[in-house]
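Numbering (the numbering used here), first residue to last: 1147 to 1433.
Yeah, the Cβ is synthetic: ideal placement off N, Cα and C, and Gly gets one too.
Right, here's the structure in full:
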C-alpha cells in the first residue's frame, strides 16, 4: 500500500488534480442519487471509514512500522467492492431501471402551461371533495412496464376526465393514473409500495405507493388524501406535504420545468415518534 502512494510522486501534479476531480464528481453523483434512501447513511459511514483509512496510509507511508496492520487493511480493501454490491443492491437495481428506461433524446419540453393548469384544476376539485387520487407524471424514465397491469387509455388529458377517474363509484379510482406528455396513458395502475416503516404511520397506502414509485423512477407523483383532502407530492423518494391547493400550479411548474423541489415540509423517511392516532395505516391519510 505504501508503494501505491509513493507512485503519486511519478505523475504530474495537474494530472493527479484532474483525476481527483473526476473521482469527487463521481462521488457527488452517487450521493445525489442515494439522497433520501437508506443507502445514504451507509455510504456516509463508509466515506468516514475510508477517510480515516487514507489518513493512516499516509502516516504509514512515512514509517516502516505497523506492517501487520497494513497487510490486514489490504485484505479488507480487496473485499470492499463485493460488500458494496451487497449493501447497495436495492439502490443499484433502481439505478439500472432508470438508466435502462431513460429517454436520452427528449422530443419536447414538458409541461406546457395548459398541462399543469389541467392537473391543478382536477386536483383542486378532488381535494375540496376529499376524493382520493394518485397521479404519476412521467418524465425522462418511461413507465411502460408499470402500466401494463392497468387499463390503457391513451386519452387526451382533461380536468374532467381526471375527476371522473377518481370519482368514488369508478372501479379505477382506488389505483393510480400515469400521465405521459399531455395524455392520460393509463388508469387503474398498481404502483410499487415503499417499504413498511418508511413513512410515519399516519400515511396510508396511496402515499406509500407514491414514494415507492418515485424511488424507482424520476416521475412526480401527486397524492390527494381521501381522509383529509390534503395534497402531497412525492419526488425522488421524498414525500413533501402539505402542498396548498392555491400553490399547486406554481409548485408543479417549478418541479417539472425548473427541476427544483418546492419549499414544502419534507416528511422524514422513517417515523421520528410513534403516532397517537388509533386509526390503522389503511385508514390513515391517503388510504
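*Can you tell me whether residue 1361 is buried or exposed, with buried defined as 16 or more other CB within 10 angstroms of its CB?*
buried
_Continuous beta strand (DSSP E) stretch holding residue 1303: start and end_ = Note, residue 1303: premise wrong, no beta strand (DSSP E); not H, not E.
*Cβ-based neighbour list, residue 1398, same chain, cut-off 6 Å, excluding 5 preceding and 5 following*: 1262
*Inter-residue Cα distance where the pair is residue 1166 and residue 1174*: 12 Å
*Sort out for me which residues DSSP pairs residue 1281 with in a bridge.*
1323 and 1368
_At the level of alpha carbons, what is the spacing between residue 1267 and residue 1168?_
45 Å
_Whether residue 1277 touches residue 1335 by CB criterion (8 Å)_ = no
*So what does DSSP say about residue 1333, is it helix, strand or coil?*
strand
*What residues in its chain sit with their C-beta under 8 Å from that of residue 1293, if we drop five residues either side in the sequence?*
1324, 1331, 1332 and 1335
_Sequence-distant residues of its chain with Cβ nearer than 8 Å to residue 1302 (five each side left out)_ = 1328, 1329 and 1330
*How would you write the range of the alpha helix (DSSP H) that residue 1265 sits in, first residue to last?*
1259-1274
*Where residue 1376 falls: helix, strand or coil (DSSP)*: coil
*asked:* Between the alpha carbons of residue 1253 and residue 1290, how many angstroms are there, rounded?
replied: Residue confidence is low: residue 1253 scores 45 on pLDDT, short of 50, so the model does not pin down where it sits. No coordinate-derived value is stated.
*Cβ of residue 1172 within 7 Å of any heavy atom in the ligand ZN?*
As presented, the structure is devoid of all ligands, the ligand ZN included, so that no description of it is given.
*Using the C-alpha atoms, what's the distance from residue 1368 back to residue 1288?*
17 Å
_Endpoints, beta strand (DSSP E) assigned at residue 1385_ = 1384-1386
*Does DSSP put residue 1169 in a helix, in a strand, or in coil?*
helix
*Among 1348, 1385, 1349 and 1374, which residue has its Cα nearest to the Cα of residue 1365?*
1385
*Just how far apart, CA to CA, sit residue 1309 and residue 1275?*
10 Å
_Nearest by alpha-carbon distance to residue 1373: which of 1285, 1352, 1321 and 1198 is it?_
1352
*asked:* Could you tell me the alpha carbon to alpha carbon distance between residue 1363 and residue 1299, rounded to whole angstroms?
replied: 21 Å
*DSSP on residue 1381, reduced to helix/strand/coil?*
strand
*Just the C-alpha distance for residue 1409 and residue 1400, rounded to the nearest angstrom, thanks.*
In this predicted model, residue 1409 has a pLDDT of only 44, less than 50, meaning its place in the structure is not dependable; the value taken from the coordinates is given anyway. Going from the Cα of residue 1409 to the Cα of residue 1400 covers about 10 Å.
*Does the separation of the CB atoms of residue 1359 and residue 1337 fall below 8 Å?*
yes
_Length of the line joining the Cα atoms of residue 1193 and residue 1395_ = 40 Å
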